[in-house]
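Structure, as structure tokens:
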Amino acid sequence: MRNFTDSELERYSRHIILEDVGIEGQQKICDARVLVIGAGGLGSPVALYLAAAGVGTIGIADGDEVDLSNLQRQVIHTTADVGIPKVDSAKNKMLAINPSLTVNTYHQMLFANNILDIIKPYDFIIDGTDNFATKFLVNDACVLAGKPFSHGGILRFAGQTMTVKPRESACYACVFGQPPPAGLVPTCSSAGILGAVAGILGAIQAAETLKYIIGSGQPLYDQLLSFDAKTMNFRKVQLKRNPKCRVCGTDGVKVLHDYEQAVCEVKNAKNP
Amino acid sequence: MLIISINIMKLTINGELKEVAKATLTVTELLKLENVTMPDMVTVQLNDEFMRPHQYPGITVSDGDTINFLYFMGGGQ
Ligand SMILES: [Zn+2]
């Protein structure tokens, strides 16, 4: 049990006065270890909010460098960061907000041969990746390792998210089966994303993470939350675990494999 | 006496009640009717159960069914 200093008590005072958090909940947050996969549109707001909240150990994984075209939505990076690894840029901002954190960076892409080692030390995983191959890999790895995680996906004006407790609630593959055929998808620059949509969804994923850590509220287990920023319709679809799921079912995943990756993936999303 | 029989199915699609003037309808036909242009990018949930694209032509929906179209969203960056 940690004893908070006066400055920590002040920093976290708006959390601590919440009945569902309190000193005890804030201690859990400060002791938590969360991995954010992807330091982009979703990973940016997630990482900022988790750092501000005081999540004691934050891992951030991304193989890319900051590009000028990222800055329209990836709010953890600035113009001065163009060209440097996204994980380093993200780490700098998180530590600027909250210097007491431990931030671990993984400047690499995730594959079947390294993902289990990377997720191992963490309590909760955030999927902020930008392609189906990695989204399914994150799902499979989290199910295999028994790590709860938050799935997030965005497209144009729309977003979707679900929280998965492996082998207890529906997993990503229970719902979506397999990645869509890679050949079907046009190039990514033609799809586009409203920057603020990434912020909305990332903030939801951060809230789910904090709820999980403090053990309060009802996480999005067995529910797919989707929204359309054009109409601001939010909708929850009830999900049911598939007992024959190829990943979390009785004959589920035992060994990880990489999925075929389209160079750039775009989908036809409308009315979530 | 003239009897006109009109078949109308009441379906709940994406949370909204819709009437469809059809006697029988496969999932493939329903996707077309709802202007879903890329069925491979959609997972259809029929009364809690998830269908896969290869099953769509062989599954018929009936009056009172609840159907959700769950779209693949692969973005994050
Ligand atoms: Zn599953």
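Chains P and R supply the protein sequences, listed in that same order.
Taken in order, the first sequence gives residues 446 to 717; the numbers are from our numbering.
Taken in order, the second sequence gives residues 57 to 133; the numbers are from our numbering.
Glycine included, each C-beta is placed from N, C-alpha and C at the ideal position.
- Message: Out of P:Thr608, P:Leu589, P:Val588, P:Gly591, which one is the CA nearest neighbour of glycine 597 (chain P)?
- Response: P:Thr608
- Task: Return the chain-ordered list of same chain residues with a C-beta closer than 7 angstroms to the C-beta of lysine 675 (chain P), the five sequence neighbours on each side being excluded.
- Result: Non-local C-beta neighbours of lysine 675 (chain P) in its own chain, meaning closer than 7 angstroms and more than five positions away in sequence, comprise Phe602, ordered along the chain.
- Message: Using a Cβ-Cβ distance cut-off of 9 angstroms, determine whether glycine 131 (chain R) contacts chain P.
- Response: Yes - at least one Cβ of chain P is within 9 angstroms of the one on glycine 131 (chain R).
- Message: Using the three-state DSSP reduction, which class does serine 489 (chain P) fall into: helix, strand or coil?
- Response: helix
- Message: Taking the alpha helix (DSSP H) that asparagine 584 (chain P) belongs to, which residues open and close that run?
- Response: 577 to 590
- Message: Do threonine 502 (chain P) and proline 530 (chain P) count as a contact pair if the criterion is CB distance below 9 angstroms?
- Response: Taking 9 angstroms as the cut-off, the Cβ atoms of proline 530 (chain P) and threonine 502 (chain P) do not count as close.
- Message: Among P:Thr695, P:Ile563, P:Pro624, whose alpha-carbon lies nearest the alpha-carbon of aspartate 575 (chain P)?
- Response: P:Pro624
- Message: Rounded to the nearest angstrom, what separates glutamate 710 (chain P) and aspartate 673 (chain P) at their Cα positions?
- Response: Any reading at glutamate 710 (chain P) must be qualified, since the residue scores a pLDDT of 43, below 50, and its modelled position is unreliable; the value itself is stated next. Taking the straight line from one Cα to the other gives about 20 angstroms.
- Task: Pull up the CB-CB distance for isoleucine 474 (chain P) and isoleucine 659 (chain P), whole angstroms please, since I reckon it's below 8 angstroms.
- Result: 7 angstroms
- Query: If you measure from the CB of glycine 726 (chain P), is any heavy atom of ligand 1 nearer than 8 angstroms?
  - Reply: With chain P covering 446 to 717 only, the question about residue 726 (chain P) has no answer from this structure.
- Task: Determine the burial state of aspartate 465 (chain P): buried for a count of at least 16 other Cβ atoms within 10 Å of its Cβ, exposed for fewer.
- Result: By the neighbour-count rule (16 or more Cβ atoms within 10 Å), aspartate 465 (chain P) is not buried but exposed.
- Got a list of residues with beta-carbon closer than 5 angstroms to any non-hydrogen atom of ligand 1, in chain order? P:Cys616, P:Ala618, P:Cys619, P:Cys690, P:Val692, P:Cys693
- Mind checking if threonine 632 (chain P) is an interface residue toward chain R, Cβ cutoff 9 angstroms exclusive? Interpretation of threonine 632 (chain P) is limited by its pLDDT of 42, a score under 50 that renders its predicted location unreliable; the figure taken from the coordinates is listed afterwards. No - not a single Cβ of chain R is within 9 angstroms of the one on threonine 632 (chain P).
- Distance, leucine 639 (chain P) Cα to glycine 647 (chain P) Cα: 13 angstroms
- Item | Where aspartate 627 (chain P) sits in the DSSP three-state scheme | The amino acid at residue 627 (chain P) is misidentified as aspartate; the sequence shows alanine. Under the three-state reduction of DSSP output, alanine 627 (chain P) falls in the helix class.
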